[in-house]
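Heads up: the structure comes next, in structure tokens.
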Amino acid sequence: MKQVPANISRRHFLKITSLAGGGVLFGFELLANVAPETAADAAPLFSPNAYLSIDPKGIVTLMAPNPEIGQGVKTSLPMLLAEELDVDWNKVVINQAAFDKDKYGNQSAGGSGAIKGRYEPIRKAGAVARMMLIAAAAQTWSVPESECSTENGFVIHAASGKKLSYGELATKSASMPVPENIKLKDPSAFKIIGKRIKNIDNRNILTGKPLFGIDTRREGMLFCMVSRPPAFGKKLKSFDDTEARKIPGVKNVVRTDTVVAVLATNTWAARKGRDALKVEWEDAGKLESTTEHIEAFKNLIQQKSEKPDRNDGDADKALSGAKKVIESVYEVPVLSHAPMEPINFFADVRDGKADLYGPTQVPGRARTDVAKALGIPEDNITLGLPRQGGGFGRKLRSDNVVEAAQISAVAKAPIQMLWTREDDMQGDFYRPNGMYRYRAAINNNNELDGWYLTAVALNGRAAAADNFPAGALANYRVDGQGLTSNIQTGPWRAPTHNAIGFAEQSFLDEIAHELKKDPIAFRLELLEKATTNPVGKVNYNVEKFKGVINQVRQMSNWDKKTPGRFKGFAAYYSFSTYVAEVAEVSIVNGKPKVHKVWAAVNCGQVVNLSGAENQVQGAIVDGLGHAMYTAITLDKGAVQQKNFNTYKMMRMQDAPLDVEVQFVATNEAPTGLGEPALPPIAAVVCNAIFAATGKRIRRLPFNEAFTAK
Amino acid sequence: MASYTITVNNKQHTVDVSPDTPLLWVLRDELNLVGTKFGCGIAQCGACTVLMNDNAIRSCSYPVSAVGVNKITTIEGLSDNGDHPVQQAWDEMDVPQCGYCQSGQVMAAVALLKRKPHPTDEDINAAMSNICRCGTYVRIRKAVHMAAEKTK
Numbered sequence: 001m002k003q004v005p006a007n008i009s010r011r012h013f014l015k016i017t018s019l020a021g022g023g024v025l026f027g028f029e030l031l032a033n034v035a036p037e038t039a040a041d042a043a044p045l046f047s048p049n050a051y052l053s054i055d056p057k058g059i060v061t062l063m064a065p066n067p068e069i070g071q072g073v074k075t076s077l078p079m080l081l082a083e084e085l086d087v088d089w090n091k092v093v094i095n096q097a098a099f100d101k102d103k104y105g106n107q108s109a110g111g112s113g114a115i116k117g118r119y120e121p122i123r124k125a126g127a128v129a130r131m132m133l134i135a136a137a138a139q140t141w142s143v144p145e146s147e148c149s150t151e152n153g154f155v156i157h158a159a160s161g162k163k164l165s166y167g168e169l170a171t172k173s174a175s176m177p178v179p180e181n182i183k184l185k186d187p188s189a190f191k192i193i194g195k196r197i198k199n200i201d202n203r204n205i206l207t208g209k210p211l212f213g214i215d216t217r218r219e220g221m222l223f224c225m226v227s228r229p230p231a232f233g234k235k236l237k238s239f240d241d242t243e244a245r246k247i248p249g250v251k252n253v254v255r256t257d258t259v260v261a262v263l264a265t266n267t268w269a270a271r272k273g274r275d276a277l278k279v280e281w282e283d284a285g286k287l288e289s290t291t292e293h294i295e296a297f298k299n300l301i302q303q304k305s306e307k308p309d310r311n312d313g314d315a316d317k318a319l320s321g322a323k324k325v326i327e328s329v330y331e332v333p334v335l336s337h338a339p340m341e342p343i344n345f346f347a348d349v350r351d352g353k354a355d356l357y358g359p360t361q362v363p364g365r366a367r368t369d370v371a372k373a374l375g376i377p378e379d380n381i382t383l384g385l386p387r388q389g390g391g392f393g394r395k396l397r398s399d400n401v402v403e404a405a406q407i408s409a410v411a412k413a414p415i416q417m418l419w420t421r422e423d424d425m426q427g428d429f430y431r432p433n434g435m436y437r438y439r440a441a442i443n444n445n446n447e448l449d450g451w452y453l454t455a456v457a458l459n460g461r462a463a464a465a466d467n468f469p470a471g472a473l474a475n476y477r478v479d480g481q482g483l484t485s486n487i488q489t490g491p492w493r494a495p496t497h498n499a500i501g502f503a504e505q506s507f508l509d510e511i512a513h514e515l516k517k518d519p520i521a522f523r524l525e526l527l528e529k530a531t532t533n534p535v536g537k538v539n540y541n542v543e544k545f546k547g548v549i550n551q552v553r554q555m556s557n558w559d560k561k562t563p564g565r566f567k568g569f570a571a572y573y574s575f576s577t578y579v580a581e582v583a584e585v586s587i588v589n590g591k592p593k594v595h596k597v598w599a600a601v602n603c604g605q606v607v608n609l610s611g612a613e614n615q616v617q618g619a620i621v622d623g624l625g626h627a628m629y630t631a632i633t634l635d636k637g638a639v640q641q642k643n644f645n646t647y648k649m650m651r652m653q654d655a656p657l658d659v660e661v662q663f664v665a666t667n668e669a670p671t672g673l674g675e676p677a678l679p680p681i682a683a684v685v686c687n688a689i690f691a692a693t694g695k696r697i698r699r700l701p702f703n704e705a706f707t708a709k
Numbered sequence: 001m002a003s004y005t006i007t008v009n010n011k012q013h014t015v016d017v018s019p020d021t022p023l024l025w026v027l028r029d030e031l032n033l034v035g036t037k038f039g040c041g042i043a044q045c046g047a048c049t050v051l052m053n054d055n056a057i058r059s060c061s062y063p064v065s066a067v068g069v070n071k072i073t074t075i076e077g078l079s080d081n082g083d084h085p086v087q088q089a090w091d092e093m094d095v096p097q098c099g100y101c102q103s104g105q106v107m108a109a110v111a112l113l114k115r116k117p118h119p120t121d122e123d124i125n126a127a128m129s130n131i132c133r134c135g136t137y138v139r140i141r142k143a144v145h146m147a148a149e150k151t152k
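Taken in sequence, the protein lines are chains A and B. In terms of full-length UniProt numbering, the first sequence is residues 1 to 709. In terms of full-length UniProt numbering, the second sequence is residues 1 to 152.
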């Protein structure tokens with residue numbers, strides 16, 4: 001086996017890394033212009049906390065604490081440090097931190113929470129260092145600290161014209177007392193936060209450097225493929241590996257409680273060996289099918305829940321006394337996460353210790369779960385984080401980490417476990433399918449005054465009961481139910497919201513059309529009611545909601561009609577962020593074509609304008625693609641879509657030519673952004689399709705409703 | 001097992017592998033060129049796109065035994081300093097999110113621009129069929145146009 005030479009040639013750099021908590025060196029190229037080692041390298045570093053260090057030559061190393069799954073935190077979290085530290089962004093080195101709860105706290109990637117949760121603490125970590133650098137300079141010059149300022153890696157004493165670099169001050173700063181009252185910059189002084197900063201890994205990505213878990217190569221490592229259950233409700237009974245062991249390159253075949261693993265000197269041999277196994281599976285539970293789930297849903301949505309998720313006024317009475325009742329049933333399918341990087345993990349478990357490296361959104365949970373599975377203390381486990389080829393919620397489960405660790409433990413060898421795409425399609429924790437029965441009461445004044453949603457989803461999490469228009473209606477009730485199943489389900493980008501956003505925002509459009517009101521004007525009217533006459537808990541801010549709605553109305557020229565082009569609208573609040581979207585579609589060869597999408601977003605202070613815009617554009621394309629084509633169906637526990645030939649994903653030809661994004665200008669603390677732009681887009685486009693065709697889409701994926709002429 | 005001598009990034013390599021081994025795994029496991037990615041294994045997603053002479057091929061479904069004397073170029077061999085116009089445009093447009101599919105996207109764009117130096121949006125739709133799960137298509141399209149401008 002060939003080995004990649006370690007991508008580290010300088011002891012100096014190793015030192016920085018070990019000081020900062022381990023991790024893999026992705027920022028290496030940034031050091032290309034640094035002179036070779038000198039005596040100065042032996043001098044101590046200034047590192048007031050685990051997030052940053054400054055060496056006497058002025059090299060500033062910033063740690064990216066959270067897993068990078070494409071949401072941009074490897075760039076945006078260090079930006080927060082650099083801003084408060086006041087250094088030149090182009091001269092910092094950024095390292096991905098390994099998992100270390102004591103040093104870095106919550107290192108998970110989920111719930112659009114990294115920037116929201118870390119905005120202030122990480123800025124403080126930078127500000128502390130800056131204050132200590134100022135203190136060191138002031139002491140050196142015997143001047144008051146208040147007379148000193150910083151700029152781009154220097155402390156300056158304006159009155160005397162004196163200036164010292166952070167490198168020159170590093171050693172002395174380390175002996176300064178840690179300040180208690182930490183002063184953060186006023187947003188008006190921001191030089192980095194809010195600017196367009198490029199993904200710090202661009203160069204490594206675009207030149208094919210080994211960045212991802214799947215790229216891991218270690219001494220003695222064997223490539224591993226697994227034979228996994230072919231259906232939910234099946235488990236491993238026995239296997240015959242005679243043929244598998246005959247494949248050149250296959251070194252070992254091992255089993256864990258759940259899978260059979262083939263270990264080989266290259267991936268292809270492992271794959272052929274895996275395919276040559278004769279495995280017998282036995283029934284271990286019900287073999288469920290999507291058609292049965294849907295029949296059960298149809299029954300459940302007709303039933304009343306004893307425990308409504310929310311119950312304002314009397315929705316039943318409003319419906320029975322209504323001049324007109326609008327009733328619609330919406331349906332969404334099961335979805336797979338299908339991150340582009342197939343599931344993998346490196347594990348080396350020997351002598352009661354585990355060295356783990358690979359893609360996970362929850363390193364903390366993964367370590368706990370591995371410790372439990374192997375019966376070893378958590379302290380005996382190290383877990384490093386590579387860049388990850390997408391997450392979308394798939395890697396909030398630690399199954400891949402545990403599986404790799406168990407295989408390595410049995411084989412007593414370092415292994416890289418890799419699933420095929422087919423393994424992933426059958427082994428996911430899917431976005432649950434769901435059904436949503438809405439009833440709206442229209443009273444004698446031609447007003448909406450009653451709303452009753454009965455929602456059901458596989459394994460629950462059916463409804464977001466406090467969503468608008470809750471708070472704006474006197475009679476509002478949501479009954480959320482679950483259908484228990486052995487099909488694994490889990491969070492998929494914007495969990496619950498990704499389904500309910502489509503149903504609820506389409507139904508609101510239906511009501512607006514029924515009342516012959518402009519869909520935007522109708523929303524604004526309801527929001528007004530939530531202000532003047534709020535009912536129950538109102539968990540959204542009416543002014544912010546209205547703000548993004550009015551902004552997108554203006555951006556998209558909503559009121560202007562273009563012949564042959566039709567617009568749809570929706571707005572949604574999730575992860576503390578407000579998003580309003582408009583799409584323009586036309587019908588080409590009998591099928592809807594989305595030309596352009598506009599989005600207005602209020603996520604508080606934008607940290608990285610380029611990254612933020614990319615997230616919103618991507619979430620919209622992601623949501624649109626899945627709404628157009630994508631569905632998983634199960635037949636007797638087996639997923640029928642095995643790969644991207646039948647599990648269709650958005651490609652260039654169907655993507656909108658442009659997605660124009662505007663952020664509300666504000667310095668309020670940031671809120672979530674990886675997810676909130678996704679929930680409304682399916683309804684936005686389906687509402688535009690209704691405007692174009694009069695056809696109301698109530699079931700996704702919507703391309704099923706159109707056949708090419 | 002059999003011995004094959006293939007030209008990758010202008011260098012000859014001799015590998016001893018089974019004849020049905022896809023080029024992808026020869027690149028990744030034998031030559032340590034891991035910039036070419038595995039995504040689906042059935043030539044659907046394009047994460048494994050490399051150039052054979054001037055054409056984009058999906059290396060996950062191309063057996064090493066069929067390469068012969070054709071010249072293979074991977075993302076690592078696209079330019080000496082990462083400054084091919086397509087690489088530059090991808091960086092300037094700040095295309096990548098997770099980045100996993102982007103080496104394949106870049107190689108597909110390089111092949112397109114060799115064939116059509118000034119592609120229209122329709123040309124881009126037809127040639128750029130790689131999946132980006134993060135949905136960076138808007139920026140990819142702009143980057144292809146930008147790279148065409150840079151190549152002028």
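From the three backbone atoms N, C-alpha and C, an ideal C-beta is built for every residue, glycine too.
Reduced DSSP secondary structure (H/G/I, E/B, other) of Ser160/A: coil
In whole angstroms, what separates the C-alpha of Val92/A from that of Thr75/A? 11 Å
With DSSP as the reference, label Phe297/A as helix, strand or coil. helix
Measure the C-alpha to C-alpha separation of Asn643/A and Lys185/A and round it to an integer number of angstroms. 50 Å
On the criterion of 16 or more Cβ atoms from any shown chain inside 10 Å, does Ser237/A qualify as buried, or is it exposed? In the sequence under discussion, the amino acid at residue 237/A is Lys, which differs from the Ser named in the question. By the beta-carbon neighbour count (other beta carbons within 10 angstroms, threshold 16), Lys237/A is exposed.
Nonlocal neighbours in the same chain, by C-beta distance under 6 Å from Pro592/A, ignoring five residues either side: Val585, Ile689
Give the secondary structure of Ser574/A by DSSP, where H, G and I count as helix, E and B as strand, and everything else as coil. strand
With 9 Å as the threshold, decide whether the Cβ of Val110/B is near any Cβ in chain A. no
Enumerate in chain order the residues of its own chain whose CB-to-CB distance from Gly39/B is below 8 Å, with the five nearest sequence positions on each side excluded. Cys45, Gly46, Ala47, Cys48, Cys60, Tyr100, Cys101, Gly104, Ile131
For Glu122/B, which of helix, strand or coil comes out of DSSP? helix
Return the CA-CA distance between Val8/B and Leu31/B, expressed in angstroms with no decimal places. CA-to-CA, the gap between Val8/B and Leu31/B works out to about 9 Å.
Residue span of the alpha helix (DSSP H) that contains Ala264/A, given as start and end: Run containing Ala264/A: none in the alpha helix (DSSP H); it sits in the beta strand (DSSP E), 260–264.
What did DSSP end up calling His337/A once you bin it into helix, strand or coil? Residue state for His337/A is assigned as coil, using DSSP reduced to three classes.
Going straight from the alpha carbon of Glu403/A to that of Asp348/A, what length do you get? 12 Å
Which runs of the beta strand (DSSP E) at least 3 residues long sit entirely within the region 339–389 of chain A? Give them in chain order. 344–350, 353–357, 381–384
When the distance is taken between beta carbons, is Ser556/A closer than 9 Å to Ala683/A? no
Kindly list the residues whose CB is nearer than 7 Å to the CB of Thr38/A, restricted to its own chain and excluding five residues on each side of it in sequence; keep chain order. For Thr38/A, the predicted structure reports a pLDDT of 48, less than 50, and the residue's modelled location is therefore unreliable. The matter cannot be settled from this model.
Run through the DSSP bridge pairs and tell me what Cys134/B is partnered with. DSSP, once it has assigned bridges, lists no residue as partnering Cys134/B.
Met1/B touches chain A at which residues, Cβ-Cβ below 7 Å? Neighbours of Met1/B in chain A, taken as residues whose beta carbon is under 7 Å from its own, are Pro248 in chain order.
With C-beta atoms as the reference, is Asn467/A less than 9 Å away from Tyr573/A? yes
Return the CA-CA distance between Leu211/A and Thr140/A, expressed in angstroms with no decimal places. In a straight line, the C-alpha of Leu211/A is about 43 Å away from that of Thr140/A.
Short-range partners of chain B found in the region 204–218 of chain A, where Cβ spacing is below 8 Å: Of all residues in the region 204–218 of chain A, only Ile205, Leu206, Thr207, Gly208, Lys209, Pro210, Leu211, Phe212, Ile214, Asp215, Arg217 place a beta-carbon less than 8 Å from a beta-carbon of chain B.
Please name the residue, chosen from Met417/A, Pro656/A, Ala137/A, that lies closest to Lys596/A on a Cα-to-Cα basis. Pro656/A
Express the C-alpha separation of Pro117/B and Thr360/A in angstroms, rounding to a whole number. When rounded, the separation of the alpha-carbon atoms in Thr360/A and Pro117/B is 41 Å.
Give the interface partners of Met128/B over in chain A, defined as CB-CB distance under 9 Å, in chain order. Arg651, Met652, Gln653
Report back the beta-carbon spacing between Gln416/A and Phe346/A to the nearest angstrom; my notes put them in contact at under 8 Å. 5 Å
Since Pro432/A and Thr489/A are thought to touch, with beta carbons under 8 Å apart, how far apart are those beta carbons, to the nearest angstrom? 4 Å
Gln426/A, DSSP secondary structure in three states: Of the three classes helix, strand and coil, the one that applies to Gln426/A here is helix, per DSSP.
Any beta-carbon of chain A closer than 9 Å to the one on Glu76/B? yes
Residue-chain proximity (Cys45/B, chain A), Cβ-Cβ < 9 Å: yes
Taking only the alpha-carbon atoms, compute the straight-line gap between Leu418/A and Val685/A and give it to the nearest angstrom. Going by the C-alpha atoms only, they are around 37 Å apart.
Could you tell me whether the Cβ of Pro85/B comes closer than 9 Å to any Cβ of chain A? no
Kindly say whether Thr5/B, judged by its beta-carbon, lies nearer than 9 Å to any beta-carbon of chain A. no
Would you say Lys412/A lies against chain B (beta-carbon separation less than 9 Å)? no
Report the residues of the region 328–357 of chain A with a CB closer than 8 Å to any CB of chain B, ordered along the chain. Answer in chain order: Ala338, Pro339, Met340, Glu341, Pro342.
Compute the Euclidean distance between the alpha carbons of Val60/A and Ala97/A, then round it to the nearest angstrom. 15 Å
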